[in-house]
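Trainee: Throughout, this note's numbering is defined as the position within the sequence shown, counted from one, plus 1. Beta carbons: idealized from backbone N, C-alpha and C, even for Gly. Shown below is the structure under consideration.
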Amino acid sequence: MDKTNPISRSPIWTWLGVLMLVACATRSVAQTPVTNGLAHRWTGQGNAKDAAGHDDGQVSGGLRYENGDAGQSFAFNGSDARINFGAGAGNFGTGDFTIAYWMKTRSTRMTEAFLEKRDACNAGHFFGIRIGSPVPANGEPVRIGQPGLEIDEGPADTHVSFMASGPFNDGRWHHFAWMRQSTSSGSITYVVYVDGVLDNTMPVKGAADVSNPSPLIMGASVCDGFDGTTPYSGEAKDLQLFSHALSADEVVAIWSAGKSGK
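In structure tokens, the structure reads:
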């Protein structure tokens, strides 16, 4: 550095350098490579504001914002921490959808609530994601740390319990993309990608209507204390809801954009 140059010693250049470093560290969360059909997005960057829609979250309990290499995340204490995103979010009806997010946990509890839109712990119009779901797929035993998507419309033949391979309670960041995918012929398939890779699929006979007037909640469930479900203990960030099933390339693009620093 030229010590005789007053510009090179100016504090403004130091601050510009700091700002550039901060921007590089957080750009993976601040920008999303897929905006088509993006209805809601809650990044966890120090608040629960909806960056894509109009449903800002309301935090309560012991929810914290954890600092990391790529910005901040929602940190849940496994007790009373939760986020209420309101009743308008997650009303997918019978249509296609994608629920994408990053998650990190070391919890060894049997079943934890992660995300849910449900009014009571019984049959009805709802969807929910639990880790170690108490309703395992195909009669298989639940493994701790294994996430599952539960869908219901009321009648027994509309109930779906769909699991990712897991377990994923290794204390590392993992990206999940759950989706309902329909075809022009009327076939319906549930799909989950983990860390940009197709993890599991499940064809079903029809699409259950999951719309309801209950709020979308992260970190807690209406089944807490009823069927062994407990509140979520871990971190989450960049929750995105899409009004269509993402393509494989779109899933990889979102995972690739967010994996740096996770």
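Can you tell me which residues form a DSSP beta bridge with T99?
Mentor: Paired residues: M180, F243.
Trainee: For A88 versus V223, is the C-beta spacing smaller than 7 Å?
Mentor: Not closer than 7 Å, so no.
Trainee: Can you name, in chain order, every residue of its own chain whose Cβ lies under 8 Å from the Cβ of Q73, other than the five neighbours on each side?
Mentor: Counting only Cβ-Cβ distances below 8 Å, and skipping sequence neighbours, we find G45, Q46, G47, Y66, E67, K238.
Trainee: So does the stretch 56-65 actually touch the stretch 95-104, counting three or more Cβ pairs closer than 8 Å?
Mentor: Not touching, per the Cβ criterion.
Trainee: Looking at C-beta atoms only, is the number of pairs between the stretch 176-195 and the stretch 224-237 that lie closer than 8 Å three or more?
Mentor: Not touching, per the Cβ criterion.
Trainee: Is it buried or exposed for K105, if we count other Cβ within 10 angstroms and need 16 for buried?
Mentor: K105 is buried by the Cβ-count criterion.
Trainee: Considering only the alpha carbon of each residue, which of I255, Q241, P232 lies closest to R110?
Mentor: R110 has its Cα closest to that of P232, out of I255, Q241, P232.
Trainee: For the alpha helix (DSSP H) containing S257, list its first residue and its last residue.
Mentor: From DSSP, the alpha helix (DSSP H) with S257 extends over 249-260.
Trainee: Just list the beta strand (DSSP E) runs in the stretch 60-106, keeping only unbroken ones of 3 residues or longer that don't cross its boundaries, in chain order.
Mentor: List check, beta strand (DSSP E) in window: 65-69, 72-78, 83-85, 98-105.
Trainee: Please classify G133 as buried or exposed, where buried requires at least 16 neighbouring CB atoms within 10 angstroms.
Mentor: Buried: at least 16 other Cβ atoms inside 10 Å.
Trainee: Quick one: using the 10 Å Cβ neighbour count with 16 as the cut-off for buried, is K50 buried or exposed?
Mentor: With fewer than 16 Cβ atoms within 10 Å of its Cβ, K50 is classed as exposed.
Trainee: Just curious, the beta strand (DSSP E) that K118 is in, first and last residue?
Mentor: Run containing K118: 113-118, per the beta strand (DSSP E) assignment.
Trainee: How many whole angstroms separate the CB atoms of N170 and S108, which I take to be in contact at a CB cut-off of 8 Å?
Mentor: At roughly 6 Å, the Cβ-Cβ gap stays under 8 Å, so N170 and S108 are in contact.
Trainee: Between the Cα of D250 and those of S188, A178, R83, spot the shortest distance and give me the residue it belongs to.
Mentor: Cα-wise, what sits closest to D250 is A178.
Trainee: Is it buried or exposed for S234, if we count other Cβ within 10 angstroms and need 16 for buried?
Mentor: Classification of S234: buried, given that the 10 Å Cβ count is 16 or more.
Trainee: Alpha carbons only, please: which of R42, W174, G187, L217 is nearest the one belonging to E277?
Mentor: The chain is shown only over 2 to 263; residue 277 falls outside these bounds and no answer can be derived.
Trainee: Beta carbon of R42, beta carbon of Q241: below 7 Å?
Mentor: Yes; because the gap between Cβ atoms is below 7 Å, this pair is in contact.
Trainee: Spatial neighbours of H245 within its chain, please: CB distance less than 6 Å, with the 5 preceding and 5 following residues excluded, ordered by chain position.
Mentor: Answer for H245: G38, D97, listed in chain order.
Trainee: Could you work out which residue in G63, M164, G259 is closest to M180 when comparing CA atoms only?
Mentor: Comparing Cα positions, the closest option is M164.
Trainee: Using DSSP with H/G/I as helix, E/B as strand and the rest coil, what is D158?
Mentor: DSSP places D158 in helix when its eight states are reduced to three.
Trainee: Tell me which residues share the same chain as L150 and place their Cβ nearer than 6 Å to its Cβ, disregarding the 5 neighbours each side in the sequence.
Mentor: Excluding positions up to five away in sequence, the list reads I130, F163, W179.
Trainee: Quick one: what's got a C-beta closer than 7 Å to V252's C-beta in the same chain, skipping five residues either side?
Mentor: Excluding sequence neighbours, V252 sits near A178, Y194, G197.
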